[in-house]
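One structure below.
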Amino acid sequence: MKVATLVAMFVALTAVLSFHTSEATDEEKPLEGKLTGRVVDAATEEPLPGVGVVVVGTVLGTLTDLDGRFLLSLPAGTYTVEASMIGYKRAVRKGVVIAPGKVTRIQFELEEAVIRVQPVVVTASKRRQLIQESPVSIDVITSSELGREDVVTLDQALERVSGIDTKGGEVDVRGTTGYSQGAGSRVLFLIDGSPAIAGDTGTIKWDAIPPTVVDRVEVIKGAGSALYGSNALGGVINVITKKPGTPPETGIRLSSGFYSKPYYPEWRWTKKVLDFNGIELLHSRKLGGLGLLVSVGRRFSDGYRQNDDYIRHNLFGKFTYNPSPEIDVELLSSWAEEDHGQFLLWKSQAEALKVSEKELGNRVYSNKLSINLSVRRLASPRRADTYKSYYYRTYWKNWFRDNRDYSRAQRTGGELRTELLISEGHSLGLGIEGIYNRVNSEMFGDHRTLDLGLYVQDEFRPFPRLTVTLGTRYDHHTVDETSGEAQLSPKTGLVWRPSDSVSLRTSLGRGFRAPSVAEMFVNTVVAGRKVIPNPKLRAERAWSYEIGANMMVGDRLWVDLAVFQNDFRRMIEPEAVLGGLFRLANLVKSRVRGTELTLKINLLRNLAATSFSYTYIDAVDLRLDEPLPYRPRHRLRATASLNHRGVRLGVDFKYHSRVEKVHEMFSADQRVAVYVVDLKGSLDLKEFTISAKVDNLLQYHYVEIPRRLEPIRSYTLTVAANF
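So the sequence shown is numbered by our numbering: it starts at 52 and just counts up by one.
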């Protein structure tokens with residue numbers, strides 16, 4: 052199918068949606084009433100802010116304010132209303148009567164849940180749904196968890212999620228990614244539902260969004276191309292930012308720490324104490340229908356390795372506007388810059404924290420700017436239209452002794468989506484999306500790419516406890532207006548809930564990832580090896596399968612079990628060619644399969660956040676019958692914490708089995724399994740919190756990227772206050 056045909060379909064669908072919108076507007080609206088109320092803690096009767104209040108069978112919903120209050124306008128009728136929030140049991144009120152011109156008042160009293168599981172997510176289907184009704188595996192990181200971890204960037208928090216691994220800023224979901232040295236990501240990164248992937252390298256820039264403004268992070272494991280297109284081959288990470296609230300709130304967060312001395316004297320490259328620090332300020336307020344959230348931050352680190360220091364600045368702003376109960380407007384802008392030293396490889400294993408003399412002093416400067424606009428309009432109680440537009444610019448420049456390479460990429464896109472609730476338990480979503488990339492680079496050349504996509508997804512319940520999901524997306528990817536590829540990404544899913552505490556799921560989907568500009572046109576030297584372009588690189592494709600179940604046993608045990616498989620075609624991995632050269636190429640066939648078990652246990656009421664996760668991965672290059680590189684076969688994560696009267700103590704343990712294969716140029720290097728223990732504690736004193744942590748408590752030495760020692764032991768003290 053030609054691009055022109057797809058554009059015609061885009062215009063036609065836009066016209067259809069516009070017609071339906073105007074039709075709904077012209078109709079005489081039914082008489083309305085108002086639903087108002089309050090949500091409180093059942094034990095303390097304290098108001099609960101940020102609770103999701105949803106009218107079942109409609110697209111209507113809202114969040115409670117800081118006083119726990121909410122207000123909705125509804126057509127006259129009888130409704131079922133739900134209130135949900137992480138850490139509490141979901142509450143349902145049936146038979147709520149809305150009379151014309153009248154105000155109906157209700158109150159929810161939520162009971163605290165011993166096992167904290169996020170009740171509602173939005174990423175799996177691009178709409179609000181119970182996590183137990185999703186046919187794919189989902190994990191959620193909340194803002195309170197981010198605060199306790201005191202992470203500098205979000206990829207550090209993702210390390211706590213089962214089946215997730217990060218190496219050098221590259222994220223791996225269940226073995227779908229090894230290590231590509233900064234070119235391409237098989238996981239799509241979203242900020243409030245809008246893509247934030249660099250237009251040149253196709254990678255995630257983790258410093259583009261400060262953790263302090265994050266409400267939660269939703270992680271989808273498995274192919275998401277049926278809704279999101281390219282880059283969602285291995286999964287989706289959606290960062291959902293906080294909303295401005297009332298009354299006004301100001302927060303400040305100060306942190307400082309230092310690294311231990313290296314265990315071996317030969318590794319010590321300086322006599323000074325290597326420290327790091329950060330400061331972040333946040334202010335939020337609402338004035339009528341206008342809301343504002345602003346954050347500014349600065350981070351500095353000497354680094355634990357020579358020539359590995361950095362200084363970072365970020366500025367974030369979010370503006371909300373509600374001109375009427377039917378319209379929500381959000382404008383988000385984020386800017387970040389970083390100046391850091393470049394540590395690629397150690398000088399030698401005997402001097403593992405030093406760089407060679409020829410690399411000493413090499414630096415990289417980068418900045419990122421994102422602007423996202425979202426407008427959501429409730430055309431009727433059963434229909435919502437959403438328009439998104441986004442602009443993401445990245446820039447970096449090397450200040451090396453032997454080169455001044457640079458790259459500037461601009462990514463512009465838009466999406467129009469309609470969500471229809473045909474009946475209770477039956478929803479239909481359809482949308483159109485376009486993304487244009489423009490790259491000007493010394494390393495990659497000057498190139499343009501265009502992606503256009505159409506998608507539709509239908510969810511229905513043929514029986515009360517069975518949910519069926521059917522969907523597909525058509526994408527067309529063009530490079531420099533000369534070469535293009537088309538992809539159809541269907542998916543299907545089933546969820547059966549034999550009881551309210553048990554959910555059985557299965558899903559099948561096809562995904563793809565178009566190669567990034569960097570993968571196709573890179574021309575550079577890495578670790579002394581020449582990497583050459585491969586303009587004939589084609590899109591990766593995969594079928595993704597999953598069978599899983601989760602259940603709540605009583606109120607103290609949560610269990611989730613999943614079996615998964617991904618069959619890849621044309622997976623992009625480094626390949627050696629004649630003359631000692633390397634390039635990125637399409638492998639013929641590969642397979643990644645495995646199983647994942649997650650347990651959340653609470654033996655005592657004040658022993659919280661106790662969890663265990665284990666992931667087994669069998670990743671094979673079927674051409675050579677060899678393991679795919681950089682995929683540990685066994686991954687284990689265990690956490691335990693004690694929380695009593697504002698005092699919290701916790702310990703984390705991470706184990707990764709020895710990587711069986713790395714890239715050929717590093718095949719002779721020694722490799723070991725990973726055993727890392729982190730210790731943390733905090734004290735809550737009403738308006739402020741003091742926390743401390745020790746990372747890599749046992750000073751365990753290991754590498755995940757060849758010839759780059761991972762962080763040694765460090766100590767951090769943080770003080771956070773809200774007023």
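Cβ coordinates follow ideal geometry from the N, Cα and C atoms, glycine included.
- Query: DSSP on Trp450, reduced to helix/strand/coil?
  - Reply: In the three-state reduction of the DSSP assignment, Trp450 falls in the strand class.
- Which runs of the beta strand (DSSP E) spanning at least 3 residues fall entirely within the region 73 to 128, listed in chain order? Fully enclosed beta strand (DSSP E) runs of 3 or longer: 83 to 92, 103 to 106, 112 to 114 and 120 to 126.
- Task: Quick one: give me the first and last residue of the beta strand (DSSP E) that Phe615 is part of.
- Result: Residues Leu608 to Arg620.
- Query: In chain order, what residues of the same chain have a beta carbon less than 7 Å from the beta carbon of Glu377, not counting five sequence neighbours either side?
  - Reply: Sequence-distant Cβ neighbours of Glu377 in its own chain, meaning closer than 7 Å and more than five residues away, are Arg428 and Leu429.
- Message: Between the alpha carbons of Asp676 and Thr217, how many angstroms are there, rounded?
- Response: Roughly 25 Å separates the two Cα atoms.
- Quick one: grab the DSSP three-state call for Thr263. Helix at Thr263.
- Query: How many angstroms separate the CA atom of Leu539 from the CA atom of Gly119?
  - Reply: Roughly 45 Å separates the two Cα atoms.
- Query: Under a three-way DSSP split, which group does Ser384 fall into?
  - Reply: Of the three classes helix, strand and coil, the one that applies to Ser384 here is strand, per DSSP.
- Query: How about Ser306 and Asp456: are their beta carbons less than 8 Å apart?
  - Reply: Between Ser306 and Asp456, the CB-CB gap reaches or exceeds 8 Å.
- Straight-line Cα distance separating Phe739 from Pro382: In the sequence as displayed, the identity of residue 382 is Leu instead of Pro. Their Cα atoms are separated by approximately 30 Å.
- Straight-line gap, Val576 to Glu532 (C-alpha atoms, nearest Å): In this model, Val576 and Glu532 are separated by some 28 Å (Cα to Cα).
- Item | Rounded distance between the beta-carbons of Thr518 and Glu184, thought under 8 Å | Glu184 to Thr518, Cβ: 6 Å. Contact.
- Item | C-beta atoms of Arg556 and Gly599 nearer than 8 Å | For Arg556 and Gly599, yes; Cβs fall inside 8 Å.
- In or out: Glu510 buried (at least 16 other Cβ within 10 Å) or exposed? Result: buried.
- Item | Range covered by the alpha helix (DSSP H) that runs through Asn197 | Sequence inspection shows Leu at residue 197; the Asn mentioned does not correspond to that position. For Leu197, the enclosing alpha helix (DSSP H) covers residues Ser194 to Glu200.
- Near Pro678, what residues of its chain come up, given a Cβ to Cβ distance below 7 Å and the 5 sequence neighbours on each side ignored? Ala670, Val671, Glu711 and Lys712.
- Please report the residue range of the alpha helix (DSSP H) in which Phe572 lies. Per DSSP, Phe572 belongs to the alpha helix (DSSP H) from Val568 to Phe572.
- Query: With a Cβ-Cβ cutoff of 8 Å, do Glu570 and Leu635 count as a contact?
  - Reply: The Cβ-Cβ distance between Glu570 and Leu635 falls below 8 Å.
- Message: Given a cut-off of 8 Å on the beta-carbon distance, is the pair Leu125 and Leu82 in contact?
- Response: For the 8 Å CB-CB criterion, Leu125 and Leu82 do not form a contact.
- Query: Got a sec? Which residues, its chain only, sit under 6 Å from Thr445 by beta carbon, not counting five neighbours each side?
  - Reply: Cβ neighbours of Thr445 beyond the five flanking positions: Ala249, Lys419 and Ala460.
- Message: Between the region 391 to 410 and the region 432 to 444, can you find at least three pairs of beta-carbon atoms closer than 8 Å?
- Response: The region 432 to 444 makes no contact with the region 391 to 410; the number of CB pairs closer than 8 Å stays below 3.
- Task: Give every residue of the same chain whose Cβ lies closer than 6 Å to the Cβ of Leu122, excluding the five residues on either side of it in the sequence, and list them in chain order.
- Result: Around Leu122: Thr87.
- Item | Chain-order list of residues whose beta-carbon lies under 6 Å from that of Gly244 (same chain, five-residue window excluded) | Excluding positions up to five away in sequence, the list is empty.
- Query: Who are the near neighbours of Phe774 in its chain, counting only those whose CB is closer than 7 Å to its CB and skipping five residues on each side?
  - Reply: Correct list, in chain order: Thr301 and Glu738.
- Could you give the distance in angstroms between the alpha-carbon of Tyr525 and the alpha-carbon of Leu209? Taking the straight line from one Cα to the other gives about 30 Å.
- Message: I'd like the list of long-range same chain contacts for Ile763, defined as Cβ closer than 7 Å, with 5 residues on each side in sequence excluded.
- Response: Closer than 7 Å at Cβ, skipping near neighbours: Tyr310, Ser311, Pro313, Tyr355, Asn747 and Gln750.
- Going by C-alpha distance, which of Phe367, Asn373, His391 and Gly342 is nearest Phe351? Among Phe367, Asn373, His391 and Gly342, the Cα nearest to that of Phe351 is on His391.
- If you draw a straight line from the C-alpha of Pro151 to the C-alpha of Thr129, how long is it? As the crow flies, the alpha-carbon of Pro151 is around 12 Å from that of Thr129.
- Among residues of its own chain, excluding the 5 on either side of Ile330, which ones have a beta-carbon nearer than 6 Å to its beta-carbon? Answer for Ile330: Leu305 and Arg349, listed in chain order.
- Would you say Gly84 and Thr767 are within 8 Å of each other, going by their C-beta atoms? No, these two residues do not count as a Cβ contact at 8 Å.
- Query: Would you report the Cα separation of Thr321 and Asp353, rounded to the nearest angstrom?
  - Reply: A straight-line Cα-Cα distance of about 11 Å links Thr321 and Asp353.
- Can you name the residues that DSSP bridges to Asp223? Looking at the DSSP output, Asp223 shares a beta bridge with Asp216.
- Message: Which residues does DSSP list as the beta-bridge partners of Asp190?
- Response: Note: Asp190 sits in a beta bridge opposite Val270.
- Task: Return the first residue and the last residue of the alpha helix (DSSP H) that Leu734 is part of.
- Result: In the DSSP assignment, Leu734 falls outside any alpha helix (DSSP H) and lies within the beta strand (DSSP E) extending over Val725 to Leu736.
- Where Asp206 falls, given that 16 or more other Cβ within 10 Å makes a residue buried: Result: buried.
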